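Peer 1:
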Amino acid sequence: QMQPVESGGGLVQPGGSLTLSCAASGSGFSLDVVSWHRQVPGNQREWVGLINYDGTTNYGDSVKGRFTLYRDNTKNTVFLQMNSLKPEDTAVYYCKSIQNRTGAFLWGQGTQVTVSS
1108 QMQPVESGGG LVQPGGSLTL SCAASGSGFS LDVVSWHRQV PGNQREWVGL
1158 INYDGTTNYG DSVKGRFTLY RDNTKNTVFL QMNSLKPEDT AVYYCKSIQN
1208 RTGAFLWGQG TQVTVSS
């Protein structure tokens, strides 16, 4: 089954860092545009940022300057490096693979990030 798969979540102290990965799973599936989102139970899903195939990026205001998106197209993987983490960054983080030409998209299953002392 073709699907983006997130990994790298966990527990981290405030001020710490964590790097999430989003990898393409399934034969013939490759990542094009990838966006990251996060969601706290009871809240709407929040857009975190986006990276295009050429590596250009955009970020939400709440993470700008702290989070960095980059990718390794040879490994069909996108990374979300999160620095200076705050308790309010606690959420389930999802990556969304978007085919630029068609607009078709697939969601990953999510990975939990908890920022707490």
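Whatever position you read off the sequence shown (first residue = 1), add 1107 for this note's numbering.
Yeah, the Cβ is synthetic: ideal placement off N, Cα and C, and Gly gets one too.
All of these numbers come straight from a predicted model, not from anything done at the bench.
#1: Using 8 Å for Cβ pairs, my map puts Gln1206 next to Asp1161. What's the rounded Cβ distance?
#2: Looking at C-alpha atoms only, which residue of Gly1117, Gln1120, Ser1132, Val1119 is the closest neighbour of Pro1111?
#3: Hey, Lys1193 and Pro1121 are a contact pair by Cβ (cut 8 Å); roughly how many whole angstroms apart?
#4: Going by the CB atoms, is the gap between Gly1156 and Gln1219 shorter than 8 Å?
#5: For Ser1134, which option in Gln1151, Asn1183, Gly1167 has the closest C-alpha, if you only look at C-alpha atoms?
Peer 2: By the coordinates alone:
#1: Within the sequence shown, numbered from 1, the residue matching residue 1206 stands at position 99. Within the sequence shown, numbered from 1, the residue matching residue 1161 stands at position 54. Their Cβ separation, rounded to whole angstroms, is 15 Å, which puts Gln1206 and Asp1161 out of contact at 8 Å.
#2: Position 4 of the sequence shown holds residue 1111. Residue Ser1132 is the option with its Cα nearest to Pro1111.
#3: Start at 1 with the first residue of the sequence shown, and residue 1193 comes out as number 86. Start at 1 with the first residue of the sequence shown, and residue 1121 comes out as number 14. Confirmed, Cβ separation roughly 6 Å.
#4: Counting from one through the sequence shown, the residue named residue 1219 turns up at place 112. Counting from one through the sequence shown, the residue named residue 1156 turns up at place 49. Not in contact: Gln1219 and Gly1156 (Cβ atoms no closer than 8 Å).
#5: If you number the sequence shown from 1, residue 1134 lands on position 27. Of the listed residues, the one whose Cα sits closest to Ser1134 is Asn1183.
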